[in-house]
Amino acid sequence: MANWRRLECLKPERIRKLQDSLLKDFIKYQIPYHPYYRELFKKSKIKFSGIKTTNDLEKLPFTTKESIAPSKQEPKKFLDFILQPNRQLIKQHAAIDKKIKIIFNKKHIYHEYKPVHIHFTTGRSAMSVPVFYTPRDLQMLEESGRRMMDVLNVSDNSVVINAFPYAPHLAFWQAFYAIKGANLLSLNTGGGKILGTEKILRSIRSMKASLLAGMPGYLYHLVRAGKASKIDLSTVELVVFGGERVPMGLRDKVKGYLRNNGARILSTYAFTEGKTAWVECNEDSGYHLYPDFEYIEVVDKDGKRVGEGEKGEIVYTSLDWRGTVLLRYKTGDITNGIYYEKCRHCKRNLPRLGGNIERKSEYTEFRLTKIKGSFVNLNVFFPIMMANKDIEEWQIEIKKRNNNPYEIDELILYVAPRKNADIKRLKQSLKNRIFSETEVNPSIILVSLKELLGRLGMETELKEKRIIDSRKKL
Ligand SMILES: [Zn+2]
Numbered sequence: 142m143a144n145w146r147r148l149e150c151l152k153p154e155r156i157r158k159l160q161d162s163l164l165k166d167f168i169k170y171q172i173p174y175h176p177y178y179r180e181l182f183k184k185s186k187i188k189f190s191g192i193k194t195t196n197d198l199e200k201l202p203f204t205t206k207e208s209i210a211p212s213k214q215e216p217k218k219f220l221d222f223i224l225q226p227n228r229q230l231i232k233q234h235a236a237i238d239k240k241i242k243i244i245f246n247k248k249h250i251y252h253e254y255k256p257v258h259i260h261f262t263t264g265r266s267a268m269s270v271p272v273f274y275t276p277r278d279l280q281m282l283e284e285s286g287r288r289m290m291d292v293l294n295v296s297d298n299s300v301v302i303n304a305f306p307y308a309p310h311l312a313f314w315q316a317f318y319a320i321k322g323a324n325l326l327s328l329n330t331g332g333g334k335i336l337g338t339e340k341i342l343r344s345i346r347s348m349k350a351s352l353l354a355g356m357p358g359y360l361y362h363l364v365r366a367g368k369a370s371k372i373d374l375s376t377v378e379l380v381v382f383g384g385e386r387v388p389m390g391l392r393d394k395v396k397g398y399l400r401n402n403g404a405r406i407l408s409t410y411a412f413t414e415g416k417t418a419w420v421e422c423n424e425d426s427g428y429h430l431y432p433d434f435e436y437i438e439v440v441d442k443d444g445k446r447v448g449e450g451e452k453g454e455i456v457y458t459s460l461d462w463r464g465t466v467l468l469r470y471k472t473g474d475i476t477n478g479i480y481y482e483k484c485r486h487c488k489r490n491l492p493r494l495g496g497n498i499e500r501k502s503e504y505t506e507f508r509l510t511k512i513k514g515s516f517v518n519l520n521v522f523f524p525i526m527m528a529n530k531d532i533e534e535w536q537i538e539i540k541k542r543n544n545n546p547y548e549i550d551e552l553i554l555y556v557a558p559r560k561n562a563d564i565k566r567l568k569q570s571l572k573n574r575i576f577s578e579t580e581v582n583p584s585i586i587l588v589s590l591k592e593l594l595g596r597l598g599m600e601t602e603l604k605e606k607r608i609i610d611s612r613k614k615l
């Protein structure tokens, strides 16, 4: 891996050259160990030596979620995405100066290629896929964590509360390795389900925590509960969201509950297959990438690359990982653009992905009439509900009318309003906004905050149940 201090100030053209050379070596020396791509190159009649620059990547077909996801016929497809060198492949493909070292040194092979750590994807539609890390990958995960703390401008004496749910998911472990990499005092709480909100709040107070990291919905609940029980959260200087998209308006709501006016609220972006997370240095800076770890391109609907700052789908190519690696992987996530010019906040030259990234998977089919279904973008509820100052918590349930599977779909919106909210006005404004954005007319049911927190499973689930689909499949 490159020296971070040098990397962050490399000019864009130097970064491109570095990525070209890393990609060329990666394809030449590592991809021959990759069962899926070895086959794909053969089938598409592309030579390993045919990919010399990041522009040459366009010769390769995309890899999609379906390419990796287990199916009934191939339940262990994911194994084909792990680098698996053997004596013969090493003899054939390894760089001359490395051959002897690799073939005869078990310690080296284990360090570089032995899968030792697993994260699972969490997509709601496809079956989850395991992504494997080798010992070398874990060093990279720690290095990326150190880089995250640097971009976040976290000081050496920060005290961190990791409130990500304890699970074999990237979010918890990235936070763990970031804290470890930066040598910070920390408590890895496992979130509401593991340690419980009350104990986490007491830990923030007694440890004088300055940094909170966790899922947006949970951290909001945490600071609100802290304020309600009059716990002093004034030591918190930085809140870092991860694990899912941050709805517009939530940052302000969280800020409102913290007593420290100068507190910063920043966010990370990641997907399990990318093996690491990227972070903002400022609320509108975008996510700073690691150009020696991955190459990111943005493509339009037809799969053509778009220019700097143009909207499109994020496509990921691994440059220096081992274990599970992917080339031209279509994430399904839509960014408003990739940027190569100097960040105006931190002055780093690293490429950045524009914030406000939308995930395709959150569209769901919805039947407004008995005849045919249409798709409702469930993403739109998050900014509407999270930004509303009169709402404490909310949940959506999709049901069949009268629980009859042949009936049309109904949308029920459970709302815990804030004390002193003008209920009539709140209901009307919600109905209007939701109808104008989704053409669905929800029934709005008011419930107490306590009841809604129970429905959401804030203290009992790994992740709160924001949207429930109770429709029985026919
Ligand atoms: Zn920056």
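Each residue of the sequence shown is one higher than the one before, counting from 142 in my numbering. C-beta: ideal position from N, C-alpha, C; glycine also.
Under the three-pair Cβ rule at 8 Å, the region 515-532 counts as touching the region 544-563. About 7 Å separates the Cβ atoms of G322 and E284, confirming a contact at the 8 Å cut-off.
M348 places its beta carbon less than 9 Å from that of V300. The Cβ atoms of I243 and I231 lie closer than 9 Å to each other. Under the three-pair Cβ rule at 8 Å, the region 420-433 counts as touching the region 489-496. Relative to ligand 1, even the nearest heavy atom lies 8 Å or more away from the CB of S408. Taking 9 Å as the cut-off, the beta carbon of T409 is found closer than this to the beta carbon of V420. Here H260 carries a strand assignment [DSSP, helix/strand/coil]. Annotated three-state conformation of P153 is helix, per DSSP. DSSP lists F261 as the bridge partner or partners of P271.
Unbroken alpha helix (DSSP H) stretches of 4 residues or longer found wholly inside the region 322-388: 338-348, 357-369, given in chain order. Between R485 and S426, the gap from beta carbon to beta carbon is short of 9 Å. Note on geometry: alpha-carbon atoms of I345 and A308 lie some 22 Å from one another. By alpha-carbon distance to V380, the top candidate from A350, Y470, K368 is A350. Assigned with DSSP and collapsed to three states, T465 falls in strand. With distances taken between CA atoms, L336 lies nearest to E602 out of S611, E602, I608, R607.
Across the structure, G367 and E424 are spaced so that their CA atoms are roughly 24 Å apart.
Nearest neighbour of A210 by Cα position, chosen from T194, V272, C150, Q171, turns out to be V272. The DSSP-derived three-state label of I549 is coil. Collapsing the DSSP output to three states places K396 in a helix. DSSP, reduced to helix, strand and coil, places L279 within a helical segment of the structure shown.
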